[in-house]
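Have a look at the structure below, then the notes.
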Amino acid sequence: MREAIVFKGDRDGLQLVVDENVSFDEVLKQLKAKLAAAADFFAAGAPIHIYPAVNGFSHSQQSEIAGVLEEYGLRCVKPAAEDAATASEAGGHEGLGQETRALIVNRTLRGGQKVVYHGSVVVIGDVNPNATVVAGGDIIVLGACRGTVHAGAYGDERATVTATKLMAAQIRIAGLIARSPDQADKPDMIETARIKNNTVVIEQSRR
Amino acid sequence: MGEVIVITSGKGGVGKTTTTANLGTGFALLGKKVALVDADIGLRNLDVVMGLENRIVYDLVDVTEGNCRLKQALIRDKRFENLYLLPAAQTRDKTAVSPEQMKELCRDLAQDFDYVLIDCPAGIEQGFKNAIAGADRAVIVTTPEVSAVRDADRIIGLLESEGKSNPKLIVNRIRPKMVKKGDMMDIDDIIEILAVDLLGIIPEDEYIVISTNKGEPAVANPASLAGTAYKNIVRRLMGENVPLMNLEADEGFFGRFKKILGF
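Sequence order for the protein chains is A and B.
Quick note on our numbering: the first sequence kicks off at 343 and runs consecutively.
Quick note on our numbering: the second sequence kicks off at 964 and runs consecutively.
So this is what it looks like as structure tokens:
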């Protein structure tokens, strides 16, 4: 039998990975079988990320999967970003289940373009105003970052945003949102945004 | 085989139609055979700016629907005999034409003309998709305003996703005095964001209003600063290396004095 679902553990907790080519019924069947076989393995209340794995399914199917997981004491984490699974018109969304942890975007993202990735994202180019980057991990922009960036979109508060020129309209990290000052100066050094004491702070990068 | 160039911007009112009319007339002045295509179906303007409104019999939609031959719909300019206009239909909308039909039309026109210029409508919907479908290259028009630059950026992204990379930029309606005082975005700010090649800058010029109302593009008037800027852009599009104009027209007594002395 083909493995339709896989549980992956990483520093953010458990992540559900679903083979896109398998039908919903088969996914549900295998999910139940796996959970039954390893019922004791999961700690009660442990968070599990089911997005974006289940984005291909309908709303009722998604809640059915969530229901099954919750029967075994797992807590499904809601996606922090709306529309987190759809790749941008720019493309660049890689399939889940691959070992790739960072997506390299080798061009400038222009207004209206959006990149969403479950791992970290590295942009070699600018992120222009009205462009959006959503990453499960860190975001690194080797260029000017003027758009909206969301690092740790699935709730990772240790995620960071780094840019050669960090001038983002909005920086979101996990559940926090910081907007740019109304009168911003051009930064003259590489800066990193991270969460400290429950606020987003920007400081000079030293690493 | 001629070259098909689309003039586009995203935002409305930045000077696409004025630019199309002036570049077309500019090519004609240099002896090139030029066709202007108004792709703004339903809101046509290019015929008015060219002063050819009263000559329209058939339009672009008549050609694509087979009501007439392409040659019948092309209107010869009143001043330049190697300049033609294919007007847009006024009673229809953008969905009357498909990108495939536009591609075919552009191919046909490129057989007979050195340059085919397409005046793109504002927006990013069907009209935009039609206008860029048959283009070999794109010229983006923007003004030194944040909103126009944002839209230009979006357009460049959409052009890239359609496989039309390396568009060239025209910055229209620059007011050198305001730029100098820091009240207007300067060219460097715009280029830094858009990261495309600059084709030229057009100074704000009252004569554009006069020429639009008269239906005679400014490029034919050597006294117009904007007209001269358009002429330079035409030469750059033809591959010549023309330096950017010095827009510091009002340099004061001391500046003129220095110029005389050769500084």
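Note that beta-carbon positions come from the ideal geometry of N, C-alpha and C, so glycine has one too.
The model shown is predicted, which means the values in this text are computed figures rather than measured ones.
- Arg449, Thr450, Leu451, Arg452, Gly453, Gly454, Gln455, Gly467, Asp468, Asn470, Pro471, Asn472, Ala473: these are the residues of the region 445-473 of chain A whose beta carbon lies less than 9 Å from some beta carbon of chain B, given in chain order.
- Taking 8 Å as the cut-off, the Cβ atoms of Ala1158 of chain B and Thr474 of chain A do not count as close.
- Per DSSP, the unbroken alpha helix (DSSP H) holding Ala408 of chain A starts and ends at 401-413.
- Within the region 1148-1174 of chain B, the alpha helix (DSSP H) runs of at least 4 residues that lie entirely inside it are, in chain order, 1150-1157.
- Under the Cβ criterion (8 Å, minimum of three pairs), the region 1082-1097 of chain B counts as touching the region 1051-1061 of chain B.
- Apart from sequence neighbours up to five positions away, the residues of its chain that approach Gly461 of chain A with a beta-carbon distance below 6 Å are Arg443, Ala444, Gly478, Gly479, ordered along the chain.
- Judged by their CB atoms, Gly987 of chain B and Leu1046 of chain B are nearer to each other than the 8 Å cut-off.
- Excluding sequence positions up to five before and after Ile1153 of chain B, its CB lies within less than 8 Å of the CB of Thr1105, Pro1107, Val1112, Leu1132, Val1134, all in the same chain and listed in chain order.
- Cβ-Cβ distances below 6 Å link Ile482 of chain A to Val464, Thr504 in the same chain, with the five nearest sequence neighbours on each side left out; the list follows chain order.
- Glu533 of chain A places its beta carbon less than 8 Å from that of Leu508 of chain A.
- Taking 7 Å as the upper bound on Cβ-Cβ separation, chain A lies near no residue of the region 1064-1090 of chain B.
- Scanning chain A for C-beta atoms nearer than 9 Å to the C-beta of Arg1136 of chain B yields nothing, as the closest lies near 21 Å away.
- Within the model, the alpha-carbon separation for Asp1114 of chain B versus Glu413 of chain A is close to 49 Å.
- For Ser462 of chain A, the uninterrupted beta strand (DSSP E) segment begins and ends at 462-466.
- Annotation: the continuous beta strand (DSSP E) that includes Cys487 of chain A extends over 481-487.
- Take His391 of chain A, set aside five residues on each side of it, and the residues of its chain with a beta-carbon closer than 6 Å to its own are Gln357, Val419, Tyr496, in chain order.
- Put simply, of A:Val542, A:Ser547, A:Ile519, A:Phe366 the residue whose alpha carbon is nearest the alpha carbon of Asp530 of chain A is A:Ser547.
- Looking at the DSSP output, Tyr459 of chain A sits in a beta bridge with A:Ala477.
- The Cβ-Cβ distance between Gln512 of chain A and Thr490 of chain A falls below 8 Å.
- One finds Thr450, Asp468 in chain A with Cβ atoms closer than 8 Å to the Cβ of Ala1158 of chain B, taken in chain order.
- Annotation: Cβ neighbours of Gly1120 of chain B in chain A (cutoff 9 Å, chain order): Glu431, Ala432, Thr450, Leu451, Arg452, Gly453, Gly454, Gln455, Asn470, Ala473.
- Three or more beta-carbon pairs separated by less than 8 Å link the region 1067-1080 of chain B to the region 972-991 of chain B, which places the two stretches in contact.
- Judged by their CB atoms, Gly973 of chain B and Gln455 of chain A are not nearer to each other than the 8 Å cut-off.
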